[in-house]
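Before any comments, here is the structure.
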Amino acid sequence: MAARPVSRMLRRVLRSSVRSCSSGAPVTQHRPGEPSQTAAEELSRRRQFLREHAAPFSAFLTDSFGRQHSYLRISLTEKCNLRCQYCMPEEGVPLTPKADLLTTEEILTLARLFVKEGIDKIRLTGGEPLIRPDVVDIVAQLHRLEGLRTIGVTTNGINLARLLPQLQKAGLSAINISLDTLVPAKFEFIVRRKGFHKVMEGIHKAIELGYSPVKVNCVVMRGLNEDELLDFVALTEGLPLDVRFIEYMPFDGNKWNFKKMVSYKEMLDTLRQQWPELEKLPEEESSTAKAFKIPGFRGQLSFITSMSEHFCGTCNRLRITADGNLKVCLFGNSEVSLRDHLRAGASEEELLQIIGAAVGRKKRQHAELLLMLQDSPPAIPSISSQDPFRVQGIRHRVSFSNQMATLWKGCRGPGARLLAQRWLGSGPSQRRCSSRLDSDTNPKCLSAVSRTPATASGPPPTSDQLTHVDAEGRAAMVDVGGKPDTERVAVASAVVLLGPVAFKLVQNNQLKKGDALVVAQLAGVQAAKQTSQLIPLCHHVALSHIQVQLELDSTRQAVGIQASCRARGPTGVEMEALTAAAVAALTLYDMCKAVSRDIVVGEIKLISKTGGQRGDFHRT
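By this note's numbering, the letter at position 354 of the sequence shown is numbered 356, and the numbering carries on one by one without gaps.
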């Protein structure tokens with residue numbers, strides 16, 4: 003360890019003669035008129051300098067496989083102001099008593115010790131780190147530690163715009179913002195809270211203050227947001243973002259289901275279909291991300307392949323939990339309490355021995371992860387084009403749309419304003435929700451709930467016997483194995499009479515439970531996909547399109563619901579359409595029942611169906 007002060011002295015001498023970067027490697031200042039070195043040559047020269055003059059790395063932070071741990075993540079709190087569905091239950095999680103959490107001084111004491119031993123990057127996490135009252139002061143104190151090159155934060159972005167100017171002055175140098183959807187309604191569905199516009203404001207503020215790149219973390223989940231990959235990547239055309247797609251991972255708070263995972267290769271295939279010129283960037287040492295860039299775009303995209311191609315072999319990360327436990331592996335259950343030893347009066351040398359022993363026990367690849375991957379089913383074929391969960395055309399109040407348009411004003415790139423308008427919609431202030439799940443790229447949508455009768459096409463042929471009953475009168479599922487595959491489309495509707503009180507609250511989006519139209523619309527989409535599990539004798543149908551629309555009818559103080567489903571197969575989709583309309587109506591009732599019991603759900607009916615041996619049907 004004696005060589006470390008020598009290295010620091012050498013760096014101070016170098017700084018006195020030439021301009022230097024934060025690593026201590028000299029950077030030549032070019033005279034006017036002289037050709038400048040390329041960025042690659044400059045980076046190569048700096049790395050060579052560091053290899054020749056670097057101090058020996060701490061033995062306490064080097065494991066038995068030679069991995070040197072230079073990156074420390076510190077959790078500042080267990081609390082969070084969101085309730086992401088893949089992270090924790092809606093009611094939250096049991097919190098550690100405040101007395102058992104690390105104090106600010108204990109956090110700084112441990113940080114000083116780790117930085118002294120070779121940690122050069124600290125990332126502050128949570129929970130949500132920006133809800134800790136003294137987070138700005140903690141960043142400022144960390145910034146004073148000699149040898150610490152990077153101070154980062156991973157945040158959900160809700161408080162970022164308000165705090166970032168202070169955090170930047172304190173010394174914050176890197177930002178990761180979690181954002182899993184670009185659709186405001188879906189954001190509220192995923193995180194169980196409002197705040198989409200605050201997150202977008204935070205991203206804009208980070209760009210405005212010069213952070214580049216601003217990293218945006220997106221956890222990709224099948225059936226929820228994998229249909230938004232192209233929209234996220236399109237952001238990088240005009241904005242200095244690094245959009246990082248993260249494979250869905252298991253944590254204590256969510257129920258693992260491998261069917262929800264969208265692999266890195268599947269995501270990459272989807273993106274290459276749109277941008278075949280997508281090029282891979284060189285991987286940084288110990289990086290967890292596989293980086294790519296589209297030529298001509300300002301930003302880039304990355305993949306965190308936690309499940310399909312783990313990066314245990316180059317892991318350089320350690321974690322300290324909010325209650326002071328040292329974790330050497332995210333997937334591992336093994337922890338050692340630094341808090342208890344610190345409060346017991348352990349000396350710096352004793353703490354280093356404890357840390358070194360924990361790091362030394364780190365496995366090459368954690369057993370739980372290996373077992374999980376071995377037990378996982380075969381890779382699921384790409385079905386992103388067959389089963390996306392797409393929410394489009396959400397019409398919000400004009401004031402909200404204007405606020406978001408203003409938010410992105412000033413961002414460079416022609417796509418920024420267009421994307422903002424695309425997410426938020428435009429048009430009149432009348433509240434209307436329209437969700438769509440569609441396998442093709444046809445932008446055509448069904449019209450709003452019809453007030454006029456549909457055109458009749460003549461009475462379709464019907465059967466004089468119940469098809470779900472066998473010869474002995476017992477319930478039986480129809481065998482459709484011999485039927486030809488045809489294009490099937492069905493439209494169903496329902497009406498919910500709310501009454502004056504509930505109608506006004508829904509119209510103004512003032513229900514305490516949240517946006518009733520959005521929740522009902524999402525419930526309808528989900529219900530259509532689960533019809534065969536709800537109706538015993540229904541066949542499972544691979545739907546290629548689902549659309550659920552809800553529209554306010556002020557003359558009746560009601561909400562009209564129309565659901566459309568489409569599939570290609572041997573059986574119809576009228577039950578899926580009816581289920582979507584019915585469940586959307588019931589969900590609306592549930593959202594409003596606290597303010598009125600005088601709500602009537604009715605007029606659930608099939609509007610039309612096409613395809614199949616029995617011919618088409620259009621209600622007159």
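Virtual Cβ for every residue (Gly too), placed ideally from N, Cα, C.
Whether residue i touches residue j by CB criterion (9 Å)
i, j, result
"L181", "L232", "no"
"I133", "T79", "yes"
"K626", "E130", "The structure shown has nothing for residue 626, since the chain only spans 3 to 622."
"V222", "M269", "yes"
"C540", "S534", "yes"
"I76", "L126", "yes"
"L303", "V245", "yes"
"Y266", "T316", "no"
"S336", "A359", "no"
"E576", "V497", "no"
"A208", "I177", "yes"
"L513", "L507", "yes"
"F67", "K364", "yes"
"E350", "L115", "yes"
"L84", "R195", "yes"
"F305", "F247", "yes"
"V585", "Q549", "no"
"S598", "A518", "no"
"T157", "I124", "no"
"R490", "T589", "no"
"F191", "V602", "no"
Contact belief for residue i with residue j at Cβ below 8 Å, rounded distance in angstroms
i, j, result
"N318", "R69", "6 Å"
"F299", "T238", "5 Å"
"I153", "G128", "I153 to G128, Cβ: 15 Å. No contact."
"I356", "L112", "I356 to L112, Cβ: 11 Å. No contact."
"K607", "S495", "6 Å"
"L166", "V138", "Actually they do not touch by this definition, with Cβ atoms about 10 Å apart."
"V320", "H71", "A small fix is needed here, since residue 320 is Leu in this sequence, not Val. Contact holds; Cβ gap of about 5 Å."
"E553", "A492", "19 Å between Cβ atoms; not a contact."
"G571", "A544", "7 Å"
"A291", "L104", "With a Cβ gap of about 29 Å, A291 and L104 do not count as contacting."
"Q559", "P502", "6 Å"
Three-way DSSP call (helix, strand, coil) for residue i in this model
i, result
"T238", "coil"
"F247", "strand"
"A560", "strand"
"R616", "coil"
"M263", "strand"
"D182", "coil"
"Q355", "helix"
"I606", "strand"
"T581", "helix"
"Q551", "strand"
"I76", "strand"
"V575", "coil"
"T622", "coil"
"Q367", "coil"
"K611", "strand"
"S349", "coil"
"Q170", "helix"
"A518", "helix"
"V508", "helix"
"A494", "strand"
"A565", "strand"
"T533", "helix"
"F189", "helix"
"H343", "helix"
"E92", "coil"
"V543", "coil"
Bridge-paired residues (DSSP) for residue i
i, result
"M202", "Paired residue(s): none; M202 is not in a bridge."
"V219", "It should be noted that the sequence gives Asn, not Val, for residue 219. Beta-bridge pairing links N219 to S180 and R246."
"Y591", "Beta-bridge pairing links Y591 to no other residue."
"E489", "R570"
"Q70", "T64"
"T157", "I179"
"L499", "A560 and V602"
"T152", "K123"
Complete runs of the alpha helix (DSSP H) confined to the stretch 102-139 [at least 4 residues]: 106-119
3 or more residues per run - each beta strand (DSSP E) lying fully within the stretch 267-341: 291-295, 302-306, 319-322 and 327-329
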